[in-house]
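Data first, discussion second: the structure below is written as C-alpha cells.
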Amino acid sequence: MKTRGAFALSRHAVLTCWTLVTLFPIYWMLMTSFKHSGEWVTWPPRWLPHAPTLENYRAVLAPGTSTFELGRQTLKVLKPLWDSLLVAGVSSLVAVALGSALAYSWARFGTGGPRYPYNLLTIRMVPPIVIAVPFVVYYVTLRLLDTYAGLILVYVATSLPYVIWMMLAFIDDVPIELERAARVMGASRFRVVGTIVLPLVASGLVVTFLFVFILNWSELLLAMTLTNTEVSTIPITLNKFQSANEGRAYGPQAAIGTIATLPVVVLGFAIQKHLVRGFSFGLLRK
Amino acid sequence: MRAGDPPAPDRRAVRRGVLGRLERERVFKWIPFVPVQTLFVALLLPNFLLLVYLSLLSWRITRGAWWNAPFTGLDAFMVAIGDERFLWALARTFLFAAAAVPLELGLGFGLALLCRSPFRGRRVYSTILLLPMMIVPAVVGYDLSMLLIDQGPFNQILSVLAGRAITVRWLSDYTAAPLAVIGADVWQWTSLTFLIFLSGFAGLPQDPIRAARVMGATRWQVFRYVELPLLKPVIAIAVVLRSMEALKIFDYPMLLTQGGPGNATETVAVYLWRVGWEFARVSHAAAMSLILLVAVAVYVFIAIRVLRRERRRLAAEGIA
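Heads up: the protein sequence lines correspond to chains A and B, in order.
Residue 39 in our numbering is what sits at position 39 of the first sequence, and the numbering runs on without skipping anything.
Start counting at 1 in the second sequence, then tack on 1000, and there's your number in our numbering.
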C-alpha cells in the first residue's frame, strides 16, 4: 500500500513536470499577445501583462489595417489566414477521400500489390527540399506556380501516405463477415462501402483529417517554394516577420501564432477521445 | 484477409449500365488507385527527370532560361562533394536527428507508460501533453525565439533554479543554438510519440496479458515478455515516422536562428534552400539534392524492410 502511494505521487510529479514544460511556451505566447509593446522585452521578463490589451489582435486582424508595417516591407495577415484555411482544408479533404478509398481497396483486394503502402511511405520519406528545385521549373511550365491548385495538388500528394497508413488501422477493424453478409444479400459494392464501412470508420476519417490538416496547415518549405505573391500561408507570413531583423514585432507575431494555433487545438479537443485510437497504424495484434 | 466475392451467386449479379460495370471487382478496386497513381506520376516523375537533368547543367536562375544552359556533365556533383558546408550540413542533420529522435521516443514512451491506466487527472494530463503537435512548427520556432532571447524568461527560470544569474545565449552561441533547435523538435514531437504509444497501449490485446497474470507472472515480466513484444511494431513505426521527419528539419532553424550563428544550425534542408534560392546556384542544388536522396535512400530501405517484416509477422501469427 505504501509503495503504491509513493508510485502515484511520483507519477504525478513527473507528469506535472512535463506538463509545465509543455505549457510554458504556449503560456508565454498567449501572454505576449496581450502585452503592450513596452512589455515585450523587459528584464526581468513580465509573466503577466501589466494592462492587458487587444491591440496586437486589432493590428493583425482589423480589415483596414490588416497590413503590417515592418521595416520596408508590408505584410498582409488576413489573406494568408484565409489562404491557409482554403489550401489545407481542400487538400486534406481530397487526400482523406482518395486515401481512405485506396486503403480500403488495398486491404480488401490488394490493389497495387503487397508493397504498395510501403512504396507510398517511401515517397513521404523523401525530404521535400529534394524536389523543391525542379518543382518550380515544372510548375512554371504548367502555370501552376503561385496558384491555389498547385499548392493543393502537392499537399494532397504529400499527405496521402499518412492517410493510407492511418486508415488501414481503422479498416482492419471493420468485420469482413459483415460486408460478406451484405453482399450475399444483394447489396452492391458501393452500398456496402456507404452503409457498412463508412459509418464504422467515421471516427477514423475525422482523426486522419485532423492529422493531415495539421501537417498541411503548418507546412513551410514547399509553400515558400511554390508560392510568391498571389498565395501565401500563415507559416510563410511568420517566417517573413521573423527574417525581417529590424524591429521585431513580438506582440503581433504572438497574436498571429495564437490565431494560427486556436482552430487546430479546438478541433483536437473535440475529437480527443478518438485520437487515441488512430495512431497505432494497424500494427497491433487483435 | 481479402473479402473477394462470396461463393453464393449474387441475386442481382448481372447489373447493367455504368454502375454495373464499376461494380465488377477488377474495375471496382482500381477506382481509387487510378487518380492517386496519376497524381504521383504526374508530380514526381517529371520532377525527378528534371532534377537529374538540371544537375548535369550549369544553370543559375539569373542567367537566362534553363534549356539554354550549358551542359557540363558531372561538374555540379564534383562541386557538391567538394563543398564542405554541404557535407557539414548533411552530417549535422543526421546528428540532430540522432539526438532528438531517441529523446522523443524515450520521453513519449515513458509518459505513455505513466498515463496508460486510469487514475485521477489522467484526462487533464493527456490533453495538455497532446497540445504541442497541434501547433504550427513555424509558430513553435517563433515562440521559442522569444523565450530564448538573452534576457528572456527561459534564462530567468534557469537563474532562479540555479540560484545565480545565468545568461546562456541560446540563439547566438555555437553550442547552445543547436541545443535550442533540438529542444524545439523534442518539445513539439514528444507529443506525437506520446500519442502513438498511448494508442499502442490502449490497443493491446488483453487475453495474453491476463493469461500471463494467471500463470503468476510479475508486473515486470508481463511488461517485458508479453506487452513489449506486442508493442514492437508500434515502436518500429514511431521510430520510422519520427526519424524520417527529423531528417527534413527546416522550420526550427529557419525561424529560430536562420541557420546561425555561423552555420551552427544549418541543416541540409536550410542549406539547399539557400543554394537554390539565395545563391541561385540551381544546378549545384540539384546535384546536392540527388546526393541527399541517396543518403536518405539507404536509411529508407532499412526502415521499410523493418516495417514490412513486422506487419507480415502480424498477419502470419495474429489474424490468420
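For glycine and all other residues, C-beta sits at the position ideal for the given N, C-alpha and C.
Since the model is a prediction, treat every value here as computed from it, not as a measurement.
Burial state of residue i, where buried means 16 or more other Cβ atoms lie within 10 Å
{"i": "ARG4 of chain A", "result": "exposed"}
{"i": "ILE1249 of chain B", "result": "buried"}
{"i": "TRP40 of chain A", "result": "buried"}
{"i": "ARG124 of chain A", "result": "buried"}
{"i": "GLU1104 of chain B", "result": "buried"}
{"i": "ALA6 of chain A", "result": "exposed"}
{"i": "CYS17 of chain A", "result": "exposed"}
{"i": "LYS273 of chain A", "result": "exposed"}
{"i": "MET1288 of chain B", "result": "buried"}
{"i": "LEU262 of chain A", "result": "exposed"}
{"i": "ASN119 of chain A", "result": "exposed"}
{"i": "ALA1065 of chain B", "result": "exposed"}
{"i": "TYR104 of chain A", "result": "buried"}
Nearest-angstrom beta carbon gap, residue j and residue i [assumed within contact, 8 Å]
{"i": "LEU1290 of chain B", "j": "VAL1041 of chain B", "result": "With 8 Å as the limit, LEU1290 of chain B and VAL1041 of chain B do not qualify as a contact, their Cβ atoms being about 20 Å apart."}
{"i": "PHE109 of chain A", "j": "GLY278 of chain A", "result": "That pair is no contact at about 23 Å."}
{"i": "SER1172 of chain B", "j": "PRO1261 of chain B", "result": "5 Å"}
{"i": "VAL1296 of chain B", "j": "LEU1247 of chain B", "result": "6 Å"}
{"i": "MET167 of chain A", "j": "GLY112 of chain A", "result": "Their Cβ separation, rounded to whole angstroms, is 15 Å, which puts MET167 of chain A and GLY112 of chain A out of contact at 8 Å."}
{"i": "GLY1200 of chain B", "j": "VAL1234 of chain B", "result": "4 Å"}
{"i": "ALA95 of chain A", "j": "SER33 of chain A", "result": "Wrong, their Cβ atoms sit about 32 Å apart, outside the cutoff."}
{"i": "ALA1076 of chain B", "j": "ALA1286 of chain B", "result": "7 Å"}
{"i": "ILE1304 of chain B", "j": "LEU121 of chain A", "result": "7 Å"}
{"i": "TRP43 of chain A", "j": "GLN1151 of chain B", "result": "4 Å"}
{"i": "TRP165 of chain A", "j": "PHE281 of chain A", "result": "5 Å"}
{"i": "GLU219 of chain A", "j": "TYR155 of chain A", "result": "7 Å"}
{"i": "LEU1147 of chain B", "j": "PRO25 of chain A", "result": "6 Å"}
{"i": "ILE259 of chain A", "j": "LEU81 of chain A", "result": "7 Å"}
{"i": "THR1193 of chain B", "j": "ALA1138 of chain B", "result": "21 Å between Cβ atoms; not a contact."}
Neighbour flag for residue i against chain A, beta carbons, 8 Å
{"i": "ASP1185 of chain B", "result": "no"}
{"i": "ARG1311 of chain B", "result": "yes"}
{"i": "GLU1025 of chain B", "result": "yes"}
{"i": "PHE1096 of chain B", "result": "no"}
{"i": "ARG1092 of chain B", "result": "no"}
{"i": "GLN1258 of chain B", "result": "yes"}
{"i": "ALA1316 of chain B", "result": "no"}
{"i": "PRO1046 of chain B", "result": "yes"}
{"i": "ILE1128 of chain B", "result": "yes"}
{"i": "ALA1286 of chain B", "result": "yes"}
{"i": "ILE1182 of chain B", "result": "no"}
{"i": "PRO1137 of chain B", "result": "yes"}
{"i": "GLY1017 of chain B", "result": "no"}
{"i": "TRP1170 of chain B", "result": "no"}
{"i": "GLN1206 of chain B", "result": "no"}
{"i": "ILE1237 of chain B", "result": "yes"}
{"i": "TRP1030 of chain B", "result": "yes"}
CB contact below 8 Å: residue i versus chain B
{"i": "LEU93 of chain A", "result": "no"}
{"i": "ASN228 of chain A", "result": "no"}
{"i": "ASN239 of chain A", "result": "yes"}
{"i": "ILE196 of chain A", "result": "no"}
{"i": "TYR148 of chain A", "result": "no"}
{"i": "SER218 of chain A", "result": "yes"}
{"i": "THR261 of chain A", "result": "yes"}
{"i": "ARG143 of chain A", "result": "no"}
{"i": "SER280 of chain A", "result": "yes"}
{"i": "ARG4 of chain A", "result": "no"}
{"i": "TRP82 of chain A", "result": "no"}
{"i": "ARG11 of chain A", "result": "yes"}
{"i": "PRO45 of chain A", "result": "yes"}
{"i": "SER232 of chain A", "result": "no"}
{"i": "THR19 of chain A", "result": "yes"}
{"i": "LEU54 of chain A", "result": "no"}
Can you list, in chain order, the stretches of the alpha helix (DSSP H) that have 4 or more residues and sit fully within the stretch 1110-1143 of chain B?
1122-1129
Entirely within the stretch 10-87 of chain A and at least 4 residues each: give me those alpha helix (DSSP H) ranges in chain order.
55-61
Which ranges does the alpha helix (DSSP H) cover as unbroken runs of at least 4 residues, wholly within the stretch 1242-1314 of chain B, from first to last along the chain?
1251-1256, 1268-1273, 1282-1314
Flag this pair as touching only if the stretch 127-143 of chain A and the stretch 1054-1072 of chain B have three or more C-beta atom pairs under 8 Å; answer yes or no.
yes
In the stretch 95-173 of chain A, which residue ranges form an unbroken alpha helix (DSSP H) of at least 4 residues, counting only runs that do not cross its ends?
116-125, 128-142, 148-172
Relative to chain D, which residues along the stretch 1293-1309 of chain B have a C-beta separation below 7 Å, given in chain order?
Protein chains in the displayed structure are A and B, and chain D is not among them.
Along the chain, which unbroken stretches of the alpha helix (DSSP H) at least 4 residues long are found entirely within the stretch 1075-1109 of chain B?
1075-1082
Answer yes if the stretch 1170-1189 of chain B comes into contact with the stretch 1084-1103 of chain B, meaning at least three C-beta pairs across the two stretches below 8 Å, and no otherwise.
yes
Segment contact, 8 Å Cβ cut-off, at least three pairs: the stretch 1192-1199 of chain B with the stretch 1104-1115 of chain B
yes
Is it a yes or a no for the stretch 1263-1279 of chain B touching the stretch 1221-1233 of chain B, going by three-plus beta-carbon pairs under 8 Å?
With a cut-off of 8 Å on Cβ pairs, the stretch 1263-1279 of chain B is not in contact with the stretch 1221-1233 of chain B, counting fewer than three such pairs.
Is it the case that the stretch 248-258 of chain A contacts the stretch 1158-1167 of chain B, given that we only count it when at least three CB pairs across the two stretches are under 8 Å?
no
Start-end ranges of the alpha helix (DSSP H) lying completely within the stretch 182-221 of chain A, minimum 4 residues
189-192, 198-218
Stretch-stretch touch, CB-based, cutoff 8 Å, three pairs: the stretch 1211-1220 of chain B with the stretch 1066-1073 of chain B:
Contact fails between the stretch 1211-1220 of chain B and the stretch 1066-1073 of chain B, because fewer than three Cβ pairs, one in each stretch, are under 8 Å apart.
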